[in-house]
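Have a look at the structure below, then the notes.
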Amino acid sequence: MKHTSASTPHILNSDALPDFCSAKSVLIALLLAELLAILLALVNVSSIQNFWSTVGLNCLFIIWVILPSQVLLCFMRSRIARLQPIISIGIGFAVIQLVTCTMTWVSLSGLAHFTLVEGEMINKPLFYLRIQGISLIVSFILLYHLYVQTRWKQQVQAELNARLQALQSRIQPHFLFNSLNTIASTVHEDPELAENLLIHMSELMRASLNTQNTLVTLTDELRLVHSYLNIESQRVGDRLSVEWNVDKSLCDACIPPLSLQPLVENAVYHGIEPNSDGGIVEITAVKHKRSVVLMVRNTLSQNDRQENTTQGHGIALENVTARVNGWFGDQGKVVFSTVDGWFQARIIIPYVTST
Numbered sequence: 233m234k235h236t237s238a239s240t241p242h243i244l245n246s247d248a249l250p251d252f253c254s255a256k257s258v259l260i261a262l263l264l265a266e267l268l269a270i271l272l273a274l275v276n277v278s279s280i281q282n283f284w285s286t287v288g289l290n291c292l293f294i295i296w297v298i299l300p301s302q303v304l305l306c307f308m309r310s311r312i313a314r315l316q317p318i319i320s321i322g323i324g325f326a327v328i329q330l331v332t333c334t335m336t337w338v339s340l341s342g343l344a345h346f347t348l349v350e351g352e353m354i355n356k357p358l359f360y361l362r363i364q365g366i367s368l369i370v371s372f373i374l375l376y377h378l379y380v381q382t383r384w385k386q387q388v389q390a391e392l393n394a395r396l397q398a399l400q401s402r403i404q405p406h407f408l409f410n411s412l413n414t415i416a417s418t419v420h421e422d423p424e425l426a427e428n429l430l431i432h433m434s435e436l437m438r439a440s441l442n443t444q445n446t447l448v449t450l451t452d453e454l455r456l457v458h459s460y461l462n463i464e465s466q467r468v469g470d471r472l473s474v475e476w477n478v479d480k481s482l483c484d485a486c487i488p489p490l491s492l493q494p495l496v497e498n499a500v501y502h503g504i505e506p507n508s509d510g511g512i513v514e515i516t517a518v519k520h521k522r523s524v525v526l527m528v529r530n531t532l533s534q535n536d537r538q539e540n541t542t543q544g545h546g547i548a549l550e551n552v553t554a555r556v557n558g559w560f561g562d563q564g565k566v567v568f569s570t571v572d573g574w575f576q577a578r579i580i581i582p583y584v585t586s587t
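Numbering of the sequence shown is given in the numbering used here, commencing with residue 233 and proceeding in unit increments.
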């Protein structure tokens with residue numbers, strides 16, 4: 233089975249430090265500079281007349297510290313990212329202190345009368361102490377927050393990987409039992425058919441036991457669906473009718489592994505097998521704007537139409553929902569509904585290719 237280069241779910245980025253090269257990071261830094269400038273002004277200013285001028289001076293100096301620090305960390309990011317989180321955060325802390333010390337010296341050298349408090353004559357040692365102290369406290373709080381956030385991300389990532397592997401390794405016992413019975417019944421009557429069924433089953437087992445957290449192409453997932461349907465068609469016979477509506481341009485689209493096959497299995501097990509008259513399973517894959525829409529529909533018996541069939545389809549649908557949410561977060565959506573005698577499960581995910 234072909235896997236894409238995406239090796240981990242979309243949801244998390246394990247870098248300890250943010251991307252200081254992005255425009256979003258610059259805007260956040262400027263906002264934090266303004267908020268810190270206002271906070272310092274509220275602490276130091278005794279009259280409202282001097283408030284905004286003090287805010288302006290504070291903000292100017294803070295930006296002098298933040299922007300050079302951000303530029304340095306931007307250039308160093310590729311190297312820092314290879315280090316342990318605690319080390320990369322320590323380097324970030326040291327860079328901020330170095331820039332703060334340098335900019336303080338530049339300010340005192342170039343602006344002889346620069347003060348943070350109106351009417352206070354400059355006291356260089358005290359000024360250095362105040363500025364460096366503020367820098368130490370603020371940067372420590374900020375970077376400690378980033379460190380805690382990184383540890384939380386790593387923990388969530390580990391739990392997510394374990395959950396995805398657990399979901400992927402689940403093979404319904406009833407399917408395994410029924411498939412083995414079907415193969416056993418055909419060994420003597422049609423050895424070639426039994427061999428083909430074993431090949432199809434091995435494909436399903438291989439996909440289920442695969443531990444690589446990678447996206448797969450729609451083509452690979454459809455191959456699993458075909459393998460599953462080939463096995464089930466031997467068991468339920470003519471009661472199972474399958475209709476396909478797959479956009480061929482989506483063959484290279486990437487989807488979570490075992491996201492479509494469990495829906496088809498759910499449709500056969502809950503929609504076709506209990507119905508003596510059989511039914512239809514529709515499999516659809518289309519592109520809508522920048523999204524891929526996957527849908528599996530199955531006809532319902534007359535009794536099922538009068539009941540809340542969603543409750544009876546719980547385990548497989550919950551697994552698919554968890555898998556889609558794990559890979560795409562809020563960008564992925566799984567919807568279940570009963571419409572005009574059909575139960576349908578629909579997956580909507582971003583259109584991503586393997587190239």
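Virtual Cβ for every residue (Gly too), placed ideally from N, Cα, C.
Euclidean distance between Cα positions of residue i and residue j
i, j, result
"Glu352", "Val287", "With a pLDDT of 48 at Glu352, under the threshold of 50, the modelled position of this residue cannot be trusted; read the value that follows with caution. Cα-Cα distance, rounded: 16 Å."
"Gln316", "Leu340", "37 Å"
"Ser253", "Leu526", "The displayed chain sequence assigns Cys, not Ser, to residue 253. C-alpha separation (whole angstroms): 36 Å."
"Val327", "His432", "58 Å"
"Phe560", "Leu450", "16 Å"
"Ala439", "Ala313", "33 Å"
"Cys486", "Val571", "28 Å"
"Ile321", "Tyr376", "8 Å"
"Gln563", "Trp337", "48 Å"
"Ser417", "Lys385", "50 Å"
"Thr446", "Glu453", "13 Å"
"Phe568", "Arg455", "24 Å"
"Val478", "Ala426", "29 Å"
"Leu330", "Trp284", "28 Å"
"Asn590", "Asn276", "Residue numbering for the chain in the displayed model covers 233 to 587; residue 590 lies beyond these limits and cannot be assessed."
"Val500", "Glu550", "17 Å"
"Gly544", "His420", "In this prediction, Gly544 has a pLDDT of 48, which is less than 50 and means its spatial position is unreliable; nothing more can be read from the coordinates."
"Glu350", "Ile280", "With a pLDDT of 47 at Glu350, under the threshold of 50, the predicted position of this residue should be treated as unreliable, though the coordinate-derived value follows. C-alpha separation (whole angstroms): 12 Å."
"Ala577", "Leu378", "39 Å"
"Ser434", "Pro423", "16 Å"
"Lys480", "Ser367", "58 Å"
"Phe293", "Pro357", "17 Å"
"Gln302", "Val370", "15 Å"
"Ser310", "Ile318", "16 Å"
"Leu374", "Thr382", "12 Å"
"Arg362", "Phe372", "15 Å"
"Lys521", "Val528", "20 Å"
"Leu259", "Thr585", "31 Å"
"Phe575", "Leu267", "53 Å"
Other residues of its chain near residue i: CB distance less than 7 Å, five sequence neighbours each side excluded
i, result
"Ser465", "Leu472"
"Asn290", "Ala269, Leu272, Ala273 and Leu348"
"Ala344", "For Ala344, the pLDDT reaches just 49, beneath the cut-off of 50, and the residue's location in the model is therefore unreliable, although a value from the coordinates is still provided. Around Ala344: no qualifying Cβ."
"Tyr360", "Thr336"
"Glu505", "Val468"
Chain-order list of residues whose beta-carbon lies under 8 Å from that of residue i (same chain, five-residue window excluded)
i, result
"Thr414", "Leu429, Ile463, Gln466 and Arg467"
"Cys483", "Thr449, Leu450 and Thr451"
"Val457", "Leu492, Gln493, Val496 and Ile515"
"Met308", "Ile323 and Val327"
"Gln364", "Gln329, Thr332, Cys333 and Thr336"
"Ile295", "Leu262 and Ala265"
Cβ-based neighbour list, residue i, same chain, cut-off 6 Å, excluding 5 preceding and 5 following
i, result
"Phe346", "With a pLDDT of only 46 at Phe346, under 50, the local geometry of the prediction cannot be trusted, and no value is derived from it."
"Pro250", "Ser257"
"Ile580", "Ser523, Val525 and Lys565"
"Asp470", "none"
"Pro300", "Val331"
Identified DSSP bridge partners for residue i
i, result
"Gln576", "Arg529 and Ser569"
"Pro582", "Ser523"
"Arg476", "For the record, residue 476 in the displayed sequence is Trp; it is not Arg. For Trp476, which the question treats as bridged, DSSP gives the partners Ile515."
"Cys486", "Thr449"
Short Cβ contact (7 Å threshold) for residue i with residue j
i, j, result
"Leu532", "Gly558", "no"
"Ile298", "Ala255", "no"
"Ser523", "Tyr583", "yes"
"Leu305", "Gly324", "yes"
"Gly510", "Asn530", "no"
"Val552", "Ser459", "no"
"Pro488", "Val380", "no"
"Asn498", "Ala548", "yes"
Distance cut-off 6 Å: residue i Cβ against heavy atoms of the ligand SAH
i, result
"Ser434", "For the structure depicted, the ligand SAH is absent and the ligand set is empty, with no information on it obtainable."
Residue-chain proximity (residue i, chain D), Cβ-Cβ < 7 Å
i, result
"Val528", "Any reference to chain D falls outside this structure, which holds one protein chain only."
### Query
Looking at C-beta atoms only, is the number of pairs between the region 508-528 and the region 474-486 that lie closer than 8 Å three or more?
Short answer: they touch.
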